[in-house]
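Residue numbers (this note's numbering), protein chains in the order written: chain A, 1 to 624; chain B, 1 to 222.
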């Protein structure tokens, strides 16, 4: 085992060197047993890899949980590896330094297992950059016994096909239990001695429910480019891979001795995970489908976790993480409990974005008793018709009622999130966004001077809708970039006289490539590699993204991006992700797609079960 | 307002903590104090902060063997207990070396700083120092308040002592009115003493001590 020495001039010349130097409170350093000892009792060195900067990666809950979970075992040492920012990566290349772990500065290629968590498709090229800088062969086919196994997990892996050639194995679903089984399987394989092969470990791992070994499946295509078959190419390999979930979140492992970063990160506070999943069923939302069914933690467990973590971390702020936090059934009990316990210690509670329909003045006042956080509303679409299409069951009246409460409560504004390019969108829907903002302005003016803030400040942003796998819109074409650009300009024009509105938008070109990758197949692997070789990395960062490079690479590979992004699929089409089973059935998704096209809404899980299929897991909200 | 008790701590920072920016270090100390469960006083106002003051900012990459930090406590704790509890709560690279009680004074800790001693280590230092021995003045460019200004650093240097061909110790003016940072001194060595840029970039710098106003009780050990 070797250690990467970081010369002073290197660290002194890069932005935020503390990203690379580790040593944080609660980070874990272990002693690696000698080779001779390991022959008797194998030891696993695991690198948790996050394909973005330290600040973003350290804000990821999966990393926080799995890092400590793995390190609970005496025969495993899990360390962290983040993508070095471009300045550092370039310097490392020119000085011939390999990518290293934060805890022991061990080169990436010396680890046994690398576990990447993928939160967005635009991180794909950064994964290749990390492997390459870490001296790990990019392709699974080129790796030998001397190389690590490269794994992936996270929401993006529900369609990992574009990256299928780079990952040895993929974990579908929540990692807590299945990762422990993979580790056990690895240690067993490592103990098998000289005769062991990579194939042997992958064969064994593929028997674990939730583990997908892409190279064990062969994909064939029809002449029109769509998929003909996806089949196992070895015996004893399952035809479909079902996601894994954890049921009893109160009993599930949750680390209370969490790492405290030395340099500021995006979510620099104590995290509480209130629940997993979401009952709402918004039709554009992949997380809302793949994390089903909803499972909650008890408020008493959360309060004691917060108190414990306050002591072990020294943080002075507690935040709540979940898909739609205000849907938590015991939110009031939880916030009361937290405020009562935390306020005497100068610890504040930061309230997350709240939904409009169950928005309450009481909750807002609670938040303001500590620090007045921002308010975030996501109506997503500008007209009732389009909100019905996407099943975002919010009315204009809800929004105005909530805004009135907010303005009277002393808030001077809110962030409003919308999407452009939703299926069936017309110019009226785009104009509806401006009308909503103007209705809020009118509301503000109608309030008596003493009952409203001095100024109204609305921050309105639009993101591009991207159809994702395992959503009702997986069959739907993505809107074209030119139309989106003109819709954006139109909206900007409509808002030019609304002085209290600040309009921000997301770049449609980036969304186009994200759309291609999201519903892409294995043929895109060479495109991703070519883009990486051409200089693509950190594609999710506006200033790093190179659209022309991507379009060139697609062209070179003879692939039409519109085939992936802009094509409407038929009910019969086999998707690149058809062998993955997230519980929610294709029949349900299709019926939701049909209801969407007819602008019919579907009630949320707690109102009425719509038989999505997630009941098959045997727990959660389905059985409450 | 209730009575507050000030404890002055002398601390060191070494690898890897030397790579923290000053603001990061302040946050790190705040959290360490909370983990140690020390009864720190909080500032008044909209956004209360724990009350502590560093004698002098420490730039990124600089180690220290003896900087000072004052913290206000709501209880009269034994300074050594404060030191001990904090030493069990600080991340890798930080250590509290000494702690004393000081009387609440009108002058802030920052205003007491007079000079600082540094050790610099990099190949070719002694030769470069010899070359600037008679350079008068030593004008270097410095980024200050948003623009580049020229400063003569000669008057800021009190003493330079060579410890070998690649090592020196120096005493320079420090504090809010006149302050010389080691990077600026290295720039002068590069400009006037032909110190290779690579040697300057790789120079390890440690603040050995901060010299406080002699009227201050911190210079007496307890």
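Just so it is clear, CB atoms sit at the ideal spot from N, CA and C, and this is done for glycine as well. Just so we're clear, the structure is a prediction, and the values are computed from it rather than from any experiment.
Residue 468 of chain A is classed as buried because its beta carbon has at least 16 other beta carbons within 10 Å across all chains shown. Spanning the alpha carbons of residue 62 of chain B and residue 208 of chain B requires a straight line of approximately 11 Å. Chain A places a beta carbon closer than 8 Å to that of residue 20 of chain B, counting this residue as a contact. Residue 316 of chain A places its beta carbon less than 8 Å from that of residue 347 of chain A. In this structure, residue 545 of chain A keeps its C-beta atom at 8 Å or more from the C-beta atom of residue 552 of chain A. For residue 464 of chain A, the uninterrupted beta strand (DSSP E) run begins and ends at 457-464, by DSSP. By the neighbour-count criterion, in which 16 or more other beta carbons inside 10 Å mark a residue as buried, residue 88 of chain A falls on the buried side. Taken through DSSP and simplified to helix, strand or coil, residue 67 of chain B comes out as strand. By the criterion of at least three beta-carbon pairs nearer than 8 Å, the region 212-232 of chain A is in contact with the region 154-172 of chain A. When only Cα atoms are considered, residue 141 of chain B and residue 148 of chain B end up about 6 Å apart. Here residue 392 of chain A carries a coil assignment [DSSP, helix/strand/coil].
Counting only Cβ-Cβ distances below 8 Å, residue 202 of chain B has contacts in chain A at 7, 8, 9, in chain order. The region 482-502 of chain A makes contact with the region 418-427 of chain A: 3 or more CB pairs, one atom from each, lie closer than 8 Å. Residue 51 of chain B sits in coil when the DSSP states are folded into three classes, being neither helix nor strand.
For residue 166 of chain B, the closest alpha carbon among the candidates B/185, B/143, B/127, B/137 is that of B/127. Counting only runs of at least 4 residues, the region 394-435 of chain A fully encloses the following alpha helix (DSSP H) elements, listed from N- to C-terminal order: 396-408.
Of all residues in the region 21-33 of chain A, only 21, 22, 23, 24, 25 come within less than 7 Å of chain B when Cβ atoms are compared, listed by chain position. Counted as a single uninterrupted DSSP element, the beta strand (DSSP E) harbouring residue 113 of chain A occupies residues 113-117. Counting the other Cβ atoms within 10 Å of the Cβ of residue 478 of chain A gives 16 or more, which makes it buried. Closest option to residue 191 of chain B, judged by alpha-carbon separation, among B/19, B/50, B/136, B/105: B/136. Annotation for residue 129 of chain A: 537 place their beta carbon closer than 6 Å to its own, counting only its chain and skipping 5 residues before and after. One alpha carbon belongs to residue 324 of chain A, the other to residue 291 of chain A, and they sit about 12 Å apart.
Scanning chain B for C-beta atoms nearer than 7 Å to the C-beta of residue 260 of chain A yields 31, reported in chain order.
Going by DSSP, residue 54 of chain A is part of the alpha helix (DSSP H) stretching over 54-57. Remark: C-beta atoms of residue 257 of chain A and residue 276 of chain A do not approach each other more closely than 8 Å. CA-to-CA, the gap between residue 463 of chain A and residue 201 of chain A works out to about 42 Å. Setting aside the 5 residues that flank it on each side, residue 436 of chain A is surrounded in the same chain by 379, 382, 396, 399, 416, each with a C-beta closer than 8 Å to its C-beta; the list follows chain order. Counting along the chain, the unbroken beta strand (DSSP E) around residue 170 of chain A starts and ends at 169-171. The three-state reading of DSSP puts residue 599 of chain A in coil, since its state is none of H, G, I, E or B.
At least one C-beta of chain B is nearer than 8 Å to the C-beta of residue 263 of chain A. For residue 187 of chain B, the uninterrupted alpha helix (DSSP H) run begins and ends at 182-193, by DSSP. Listed in chain order, the non-local C-beta contacts of residue 73 of chain B below 8 Å within the same chain comprise 4, 5, 6, 7, 38, 39, 40, 41, 82, local neighbours out to five positions each way being set aside.
Interface flag for residue 193 of chain B against chain A is unset, since no Cβ pair is found closer than 8 Å. Beta bridge pairing from DSSP links residue 214 of chain A with no other residue. Put simply, the region 231-238 of chain A does not touch the region 16-35 of chain A. Fewer than three CB pairs are less than 8 Å apart. Nearest to residue 158 of chain B by C-alpha distance, out of B/117, B/184, B/150, is B/117.
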